[in-house]
Structure formats: structure tokens, C-alpha cells
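Start counting at 1 in the sequence shown, then tack on 45, and there's your number in the numbering used here.
Only one structure is covered here, and it is reproduced in the block below.
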Amino acid sequence: MPASLHFLSHRERQHRIAALIIALLFAPLGWKLFGPRGEWVTIQSLHWQRDIEVERLVQVNDSSWCDEMPAGVQEVQRKLMEDPSGQRHEPSPHCRYTGLQWRPLRTVRTEGGHEQPPQWGSPVLAELRPNQAGAERIGRYKGVYEVLMVDAKERDWTCRLSLQQWQALKPGQQFRLFVDRFGVANCSTVPGAR
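Set out below in C-alpha cells:
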């Protein structure tokens, strides 16, 4: 028996031992309820997708407030209107117009996994002058890099990462992924994710 317990009365010793037993019994429950949540996961797969938007110059008929018309369009009709949103306090000129405008036409998509380095597609554009109806141009670029992770219970999580973070990961890699009480992964705990 520890020397510190020799100076306690029999009753005090029983209380301390009972408190120690209760603490040992409830420690795992407390850890489960209040401890850090996380799951050991294995990277099952890595996937990337890159999109290039192609726009076409088309003839449009549209309307807007006359002071908000796009440049290079031709006014067809003008009339005074109340603003239904209430941002303009008095009736203001509203215009119908026609003209050439760039509009999204299609998306060129490339995708793959960890074995194939991410690459952008090569859209073929119409061979017309840039200001001619039907001309095409490259619009927005968008890249998505995802990692699929699974735990021992076969639950899975997917996180989107930056290209640099994604490139640093490998299938089969294991780490602790923090997961909240509702099963939602904290993707900032993926190695290299900042």
C-alpha cells in the first residue's frame, strides 16, 4: 500500500479507492465523448478533373436598365419603368437591345487518377475573326483535385485539395483524419492540407 494512504483513516482510504475505480471506469467513456475525434483512414483513390469553358460570340436580344447596357450593343426600344426591386426611386429608362455577346457554349473536360498527371484539354475553336458572330474563345479554367479515404469500417470521405496537396498524396497512405460527431471530415487534417 502506498505510504500516502497509511496516514488516512480506513473510511477515507475507501473513498479514494472508490473514486479511483470510478475514474478508471468512466475514463474511456469520457474520452469517447470529449476526446479528440478521428478515424484512421487509408487513401483509396485520387481523382482530378479539369474543365475549360469555351465561349461563342452570338447575337442576343436582351433588356436591362439603359445605364447598365453592355458596350457594343444596339438599343432597340426605350421606355420608362418602375424598378420592382425598389433600388431606383423614380421611373427610369429601361432598354431592349440587340448585339453580339460572349456566351458559354461548351466545356472541354479531362480527368484521371493518380497514375496520370493532371493536364488541360485542347479545345478546338472555330476559325473566325474574333469580332465575327460564331467566333469562339477560351473562357474560364477550373481544376478539381479530390482524395477518397476509407476507414476500417468501410466508411468513406472525400476531400477537395489544392493541386500541390493532392500531388503529395499516394494511394495506400494512412493517417488520422479528424471527423466530427456527425461524421463530417475536417479536410484540413489531411496531411499537407493548409
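From the three backbone atoms N, C-alpha and C, an ideal C-beta is built for every residue, glycine too.
This one's a predicted model, so the numbers in the text were calculated from it and none came from an experiment.
Open item on the list: Using only CA atoms, which one of LEU222, ARG61, SER233 lies nearest to LYS194?
Closed with: Your numbering for residue 194 matches position 149 in the sequence shown. Correcting the residue type first, residue 194 is Met in the shown sequence and not Lys. Answer by Cα proximity: LEU222.
Task: Helix, strand or coil at SER108 [DSSP, three-state] - done: As a working mapping, residue 108 is identified with position 63 in the sequence shown. Note: SER108 maps to strand in three-state DSSP.
Task: DSSP three-state assignment for HIS92, whether helix, strand or coil - done: Taking the first residue of the sequence shown as 1, we reach residue 92 at position 47. Three-state result, HIS92: strand.
- [ ] Name the two residues that bound the continuous beta strand (DSSP E) containing TRP242.
- [x] The question about residue 242 has no answer, for the chain in this structure spans 46 to 239.
- [ ] Quick one: using the 10 Å Cβ neighbour count with 16 as the cut-off for buried, is TYR186 buried or exposed?
- [x] Counted from its first residue, the sequence shown places residue 186 at position 141. Classification of TYR186: exposed, given that the 10 Å Cβ count is below 16.
- [ ] Output the distance between the C-alpha atoms of PHE71 and ILE88, rounded to the nearest integer angstrom.
- [x] Here residue 71 corresponds to residue number 26 of the sequence shown, with the count starting at 1. Here residue 88 corresponds to residue number 43 of the sequence shown, with the count starting at 1. Rounded to whole angstroms, PHE71 to ILE88 spans 34 angstroms at the Cα level.
TODO: Compute the distance between the beta-carbons of TYR142 and GLU120, then report whether it is under 8 angstroms.
DONE: For this step, residue 142 is matched to residue 97 along the sequence shown. For this step, residue 120 is matched to residue 75 along the sequence shown. Yes, they are a contact pair.
Open item on the list: Spatial neighbours of GLY117 within its chain, please: C-beta separation below 8 angstroms, excluding the five flanking residues on both sides.
Closed with: In the sequence shown, the residue the question calls residue 117 occupies position 72. Here the set comprises GLY144, LEU145.
Open item on the list: Just to confirm before moving on: does the CB-CB distance between VAL189 and LEU91 stay below 8 angstroms?
Closed with: Reading the sequence shown from its first residue, position 144 is the one you call residue 189. Reading the sequence shown from its first residue, position 46 is the one you call residue 91. No, these two residues do not count as a Cβ contact at 8 angstroms.
Open item on the list: Measuring straight from C-alpha to C-alpha, what distance separates CYS140 and CYS111?
Closed with: Here the question's residue 140 lines up with position 95 in the sequence shown. Here the question's residue 111 lines up with position 66 in the sequence shown. Looking at the two C-alpha atoms, the distance is approximately 5 angstroms.
- [ ] Could you give the DSSP three-state label for PHE223: helix, strand or coil?
- [x] Here residue 223 refers to the residue found at position 178 of the sequence shown. It is coil, neither helix nor strand.
Task: Cross-strand partners of SER137 (DSSP beta bridge) - done: The residue given as residue 137 occupies position 92 in the sequence shown. Answer is MET126.
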